[in-house]
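Count along the sequence shown starting at 1, add 37, and that's the number in the working numbering.
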Amino acid sequence: MEILKFTKPELFFLDLKVKDKFDLFQRMFEKLREGGFVKESFITGIIEREKNYPTGLQLSGYGCAIPHTDIEHVIRPTIAIATLNQEIEFQSMGDPKSKVNVNVVFMLALSQKQDQLEMLKELALMMQNQVIMKKIMVTKTSGEFIEIIKNVSI
């Protein structure tokens, strides 16, 4: 599965407590920046893109978001993943006037446009699988998360 190519155990935020999506963005960005994955401009790119093109997806029983930005803000490609201990509000991808309560966030930091498109497709398919998503939402370690992803056939 392609998602494993871009995941790093140190970029899993499991059972994370944040105030809102901006707090989440900042926390994930700091870890990405510290690891040398993104440029300083990444945080502004994420926030601005989210304002103009929201990424919240309401699915059956849970909400997900896939915040991402332009490739010029990325140094080394990766994906940061957060499961939240409390839902936070995002605007809906399909209708920015609608709100989505999000439990799981996949923050993309990819350096090729084609990788972004492929990853968005792959994540969309995975997020529609309720069994997988329920397992992800209760995962307590990055190792458990990786095992879930390894056993997925999309």
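Think of the CB as a built atom: it goes at the ideal place given N, C-alpha and C, for glycine as much as any other residue. Keep in mind that this is a model prediction, so the values were computed, not measured.
- In the DSSP assignment, T81 falls within the alpha helix (DSSP H) that extends over 79-89.
- For K76, there is no enclosing beta strand (DSSP E), as DSSP marks it with neither H nor E.
- Taking a contact to require three or more Cβ pairs closer than 8 angstroms, the segment 162-170 and the segment 83-98 qualify as touching.
- The beta carbons of D57 and I125 sit about 6 angstroms from each other, so the pair counts as a contact at 8 angstroms.
- Uninterrupted alpha helix (DSSP H) stretches at least 4 residues long and entirely within the segment 148-181 occur at 150-164, 167-175, given in chain order.
- In this structure, DSSP gives M130 a state outside helix and strand, which the three-state scheme calls coil.
- Looking at the DSSP output, T44 shares a beta bridge with I116.
- For K136, the enclosing beta strand (DSSP E) has its first and last residue at 136-146.
- In this structure, the straight-line span from the alpha carbon of K45 to that of K68 is close to 11 angstroms.
- Collapsing the DSSP output to three states places I103 in coil.
- Non-local C-beta neighbours of L53 in its own chain, meaning closer than 6 angstroms and more than five positions away in sequence, comprise A119, L121, ordered along the chain.
- T81 sits exposed, since fewer than 16 C-beta atoms from the chains shown fall within 10 Å of its C-beta.
- Going by beta carbons, V111 and F74 fall inside the 9 angstroms limit.
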